[in-house]
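Have a look at the structure below before the remarks.
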Amino acid sequence: FSIEKRMEKLEKTEKPKEAKKLRAAFRTSEFRADEVLVAEGLSKGFGDRPLFSGVEFKVTGGERIAIIGDNGTGKSTLIKLIVGEEEPDAGYVRSGPAVRMAYLPQLVTFRDPSLSAADTVIDECHCEMQEARDRLGAFGFTGEDALKAVGTLSGGEQSRLRLCILMRADVNLLILDEPTNHLDIPSREWMEDALADYDEALLFVSHDRYFIEKFATRIWHFAEGRITDFRGSFGEYREYRARQEAIAQAQKSAAPKQEKPKSARRRTSELEKQRRRVEREIEKTEARLAEIDAESEANASDYVRLMELDAERNELNGRLDALYSEWEELDES
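Residue numbering for the sequence shown follows this note's numbering, starting at 1185 and increasing by one per position.
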């Protein structure tokens, strides 16, 4: 069993495509902000539990940054600091003077859930009914669907509606928190096509490895209260981490070996058992992900089943990330 081999294979895996697409795109901004975001000494915690401290960064126009890490490490909290939903404990983060920001949270809300999708677009975009219906049609809301109350829409439909509104806006900083979580396969592919044409700054939290590899040109990795800032693709970052771990392992192996006491030998044996357990869990999770891919192809026209499979895939990808992190920690112990 080789985790390194599996990681390498994962990086080379291509995401399956479906033929059906939704036709939509972000409006082209008339400008690009050179200074998009700046943070100095940024710190945040809850109670006596610090999430991160002393964070500094600068984001410029056109950068595409993926925020990755285990759940509970502060990824979504950083997003909330940037959009002003939370206040920092120390330091600051500010946007540039020319920045126009759009934000898609994990949990989408609307001012008036009783309004129809069409009336919501009219209300938020200040447009006429025909333009609203045209926009909604491009996002899959046709016929009676455009007249449904937004409060009755599914989570995926609400995300799609919010994106319909955001994509009309003239923005040069787009912030997405787990953007693919509630989308069916056609909507996910539509989003990828739209983002491929968007050339302004993009900041997103995701556990979706395909999505990260496709769009990220910079990685912020949250772990143990620190943020690793790496300029490059997700695949390049994984290679960088593998090299760093290989160097650390070589240095550890080169150190003079001393006879381990019985307690240390017992601990080593216990760590090995834990590592084998995690490896079995990784194998089991990857096997189920392969089954989901096969089921998705077999149910290409059943969108209800595809959404169920997609939700399970997202959950398993998050679990797989956590298992890989646990394996790496055990390997370094």
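Note that beta-carbon positions come from the ideal geometry of N, C-alpha and C, so glycine has one too.
Count the other CB atoms, across all protein chains shown, that sit within 10 Å of the CB of residue i; report buried if there are 16 or more and exposed otherwise.
i	result
Ile-1431	exposed
Lys-1457	exposed
Asp-1232	exposed
Pro-1234	exposed
Ala-1474	exposed
Leu-1291	exposed
Gly-1327	exposed
Ala-1385	buried
Ala-1342	Per the sequence shown, the amino acid found at residue 1342 is Gln instead of Ala. Buried: at least 16 other Cβ atoms inside 10 Å.
Pro-1363	buried
Ser-1279	buried
Lys-1228	buried
Phe-1230	exposed
Ser-1300	buried
Asp-1486	exposed
Ala-1330	buried
Asn-1255	exposed
His-1366	buried
Asp-1218	exposed
Beta-carbon within less than 8 angstroms of residue i's beta-carbon, same chain only, minus the 5 sequence neighbours each way: which residues are those?
i	result
Glu-1510	Val-1462
Glu-1312	Ile-1306
Leu-1500	Thr-1469, Arg-1472, Leu-1473 and Ile-1476
Please go through the same chain and pick out, in chain order, the residues whose beta-carbon is closer than 6 angstroms to the beta-carbon of residue i, but skip the five residues on each side of it.
i	result
Val-1488	none
Leu-1493	Ile-1476, Glu-1479 and Ser-1480
Ile-1396	Ala-1250, Ser-1390 and Phe-1418
Ser-1371	Arg-1344
Tyr-1287	Val-1267 and Ile-1359
Ser-1298	Ala-1333
Ala-1316	Ala-1302, Val-1305 and Ile-1306
Val-1277	Ala-1223, Leu-1226, Leu-1265 and Ile-1266
Ser-1453	none
Ala-1407	Gly-1253
Tyr-1421	Ile-1403 and Phe-1414
Once DSSP output is grouped into helix, strand and coil, what is the label at residue i?
i	result
Asp-1361	strand
Arg-1472	helix
Asp-1232	coil
Gly-1245	coil
Gly-1238	strand
Arg-1461	helix
Pro-1282	The amino acid occupying residue 1282 in the given sequence is Ala; Pro does not appear at that position. It is coil, neither helix nor strand.
Arg-1437	Reading off the sequence, residue 1437 comes out as Ser, not Arg. If DSSP states are grouped into helix, strand and coil, Ser-1437 belongs with the helices.
Tyr-1287	strand
Gly-1268	coil
Thr-1257	coil
Met-1351	coil
Asn-1501	helix
Cys-1311	coil
Glu-1510	helix
Arg-1295	coil
Phe-1323	coil
Glu-1456	helix
Ser-1485	coil
Glu-1219	coil
Ser-1480	helix
Based on DSSP bridge pairs, tell me the residues matched to residue i.
i	result
Ile-1251	Val-1389 and Trp-1404
Ala-1333	Ser-1300
Tyr-1394	DSSP lists no partner for Tyr-1394.
Glu-1224	Tyr-1276
I'd like the span of the beta strand (DSSP E) that includes residue i, first residue to last.
i	result
Thr-1412	1410-1415
For residue i, I'd like the list of residues in its chain whose CB is within less than 7 angstroms of its CB, leaving aside the five on either flank, ordered along the chain.
i	result
Asp-1383	Gly-1246
Phe-1294	Thr-1304 and Val-1334
Ile-1349	Val-1305, Glu-1308 and Cys-1309
Quick one: give me the first and last residue of the alpha helix (DSSP H) that residue i is part of.
i	result
Leu-1379	1369-1380
Check the Cβ-Cβ distances between residue i and every residue of chain C, and say whether any is below 7 angstroms.
i	result
Gln-1428	Of the protein chains in the structure, only one exists, and it is not chain C.
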